[in-house]
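K.L.:
Taking the numbering used here, the leading residue of the sequence shown gets 387, the next gets one more, and so forth.
Don't be surprised by glycine CBs; every beta carbon is placed ideally from N, CA and C.
No experiment lies behind these values; they were computed from the predicted model shown.
The following block contains the structure, expressed as structure tokens.
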Amino acid sequence: MNFSSELLNKGNKTPAFSISVEGRDITTVLDNRLMGLTLTDNRGFEADQLDLELDDADGKIVLPRRGAVITLALGWKGQPLFPKGAFTVDEIEHTGAPDRLTIRARSADFRETLNTRREKSWHKTTVGEVVKEIAARHKLKMALGKDLSDKPVEHIDQTNESDGSFLMRLARQYGAIASVKNGNLLFIRQGQGKSASGKPLPVITITRKDGDSHRFTLADRGAYTGVIASWLHTREPANPRRKKAPR
Numbered sequence: 387m388n389f390s391s392e393l394l395n396k397g398n399k400t401p402a403f404s405i406s407v408e409g410r411d412i413t414t415v416l417d418n419r420l421m422g423l424t425l426t427d428n429r430g431f432e433a434d435q436l437d438l439e440l441d442d443a444d445g446k447i448v449l450p451r452r453g454a455v456i457t458l459a460l461g462w463k464g465q466p467l468f469p470k471g472a473f474t475v476d477e478i479e480h481t482g483a484p485d486r487l488t489i490r491a492r493s494a495d496f497r498e499t500l501n502t503r504r505e506k507s508w509h510k511t512t513v514g515e516v517v518k519e520i521a522a523r524h525k526l527k528m529a530l531g532k533d534l535s536d537k538p539v540e541h542i543d544q545t546n547e548s549d550g551s552f553l554m555r556l557a558r559q560y561g562a563i564a565s566v567k568n569g570n571l572l573f574i575r576q577g578q579g580k581s582a583s584g585k586p587l588p589v590i591t592i593t594r595k596d597g598d599s600h601r602f603t604l605a606d607r608g609a610y611t612g613v614i615a616s617w618l619h620t621r622e623p624a625n626p627r628r629k630k631a632p633r
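This is the structure we're talking about:
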């Protein structure tokens with residue numbers, strides 16, 4: 387079993403995964419075939435993406451049907467695995483030689499429902515109550531940071547604005563992020579090293595020796611030497627003016 391990121395294999399910790407398709411655990415079946423597992427965790431309300439790259443040199447892999455639901459959990463061997471949600475297969479790619487099968491699946495995409503424009507006003511309430519109402523409307527569980535729940539909201543209007551846009555605006559106002567993960571509407575502060583419940587997240591230090599490559603690029607294409615502004619005074623149209631400001 388190899389994950390695409392070898393730097394996860396630090397110390398005595400070895401990455402572990404659990405995968406089920408339509409409720410059937412196929413972890414053991416994939417253990418000797420998995421060449422890469424990539425989970426793309428998107429911010430906001432864009433669907434997350436799961437990519438599985440499998441060795442099909444013997445041609446014995448049965449292609450999963452599109453629409454099949456994959457459940458994923460990740461963690462370390464010998465420790466409890468953390469559920470990462472359910473993903474629906476929507477793309478299958480077979481390449482060779484050597485023969486490889488890539489399965490792409492995406493989480494539920496709430497952009498369609500969250501993009502419906504609404505009219506709503508809140509007065510004398512809290513951030514928690516606002517987020518709770520929107521979560522209930524979309525049948526989502528609420529995962530709200532404890533330090534944000536009781537923040538007062540004197541008045542705020544949602545005028546011809548979607549719930550998604552409104553939540554993003556509210557999140558920026560309070561230095562938070564809003565996103566949907568595994569059926570949960572997250573509304574938490576970023577960069578604090580805490581979960582939505584307020585528990586501290588474990589710290590992992592990555593040093594140079596933990597990676598196998600790096601890339602650093604400097605480019606002059608976006609550089610400039612200065613700016614020139616030209617304008618015309620309406621009272622003196624015959625004398626255009628020009629100002630040059632070096633960098």
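Give the DSSP-derived three-state secondary structure of residue 535 in the structure shown.
P.N.:
Residue numbering aside, residue 535 sits at position 149 when the sequence shown is read from its first letter. Residue state, collapsed to three classes: helix.
K.L.:
Mind the definition here: the region 545-558 touches the region 525-533 only if three or more C-beta pairs lie below 8 Å; say whether that holds.
P.N.:
no
K.L.:
Can you tell me where the alpha helix (DSSP H) with residue 552 in it begins and where it stops?
P.N.:
Mapped onto the sequence shown, residue 552 falls at position 166. Start and end: 549-559.
K.L.:
Between which two residues does the beta strand (DSSP E) harbouring residue 504 extend?
P.N.:
As a first step, residue 504 must be located in the sequence shown, where it is residue number 118. Following the DSSP letters along the chain, one finds residue 504 inside the beta strand (DSSP E) bounded by residues 503-512.
K.L.:
How many Å lie between residue 611 and residue 630 at the Cα?
P.N.:
If you number the sequence shown from 1, residue 611 lands on position 225. If you number the sequence shown from 1, residue 630 lands on position 244. Near 11 Å, if we compare the C-alpha coordinates of residue 630 and residue 611.
K.L.:
Please report the distance separating the alpha-carbon of residue 633 from that of residue 614.
P.N.:
On the sequence shown, residue 633 is found 247 positions in, with the first residue counted as 1. On the sequence shown, residue 614 is found 228 positions in, with the first residue counted as 1. Computed Cα separation, rounded: 11 Å.
K.L.:
Between the region 445-453 and the region 472-482, do at least 3 Cβ pairs fall closer than 8 Å?
P.N.:
They touch, by the three-pair rule.
K.L.:
List the endpoints of the continuous beta strand (DSSP E) containing residue 474.
P.N.:
Translated into positions along the sequence shown, residue 474 becomes position 88. Per DSSP, the unbroken beta strand (DSSP E) holding residue 474 starts and ends at 468-481.
K.L.:
Please confirm whether residue 501 and residue 550 have their CB atoms less than 7 Å apart.
P.N.:
If you number the sequence shown from 1, residue 501 lands on position 115. If you number the sequence shown from 1, residue 550 lands on position 164. Contact: yes.
K.L.:
Hey, would you say residue 504 sits closer than 7 Å to residue 435, going by beta carbons?
P.N.:
Taking the sequence shown and counting its residues from 1, one reaches residue 504 at position 118. Taking the sequence shown and counting its residues from 1, one reaches residue 435 at position 49. The beta carbons of residue 504 and residue 435 sit no closer together than 7 Å.
K.L.:
Counting only runs of 4+ residues fully inside the region 432-466, write out the alpha helix (DSSP H) ranges in chain order.
P.N.:
Runs of the alpha helix (DSSP H) lying entirely within the region 432-466 and spanning at least 4 residues: none are present.
K.L.:
Taking the alpha helix (DSSP H) that residue 414 belongs to, which residues open and close that run?
P.N.:
Here residue 414 refers to the residue found at position 28 when the sequence shown is read from its first residue. Its alpha helix (DSSP H) spans residues 413-416.
K.L.:
According to DSSP, is residue 500 part of a helix, a strand, or is it coil?
P.N.:
Position 114 of the sequence shown, counted from the first residue, corresponds to residue 500. Helix at residue 500.
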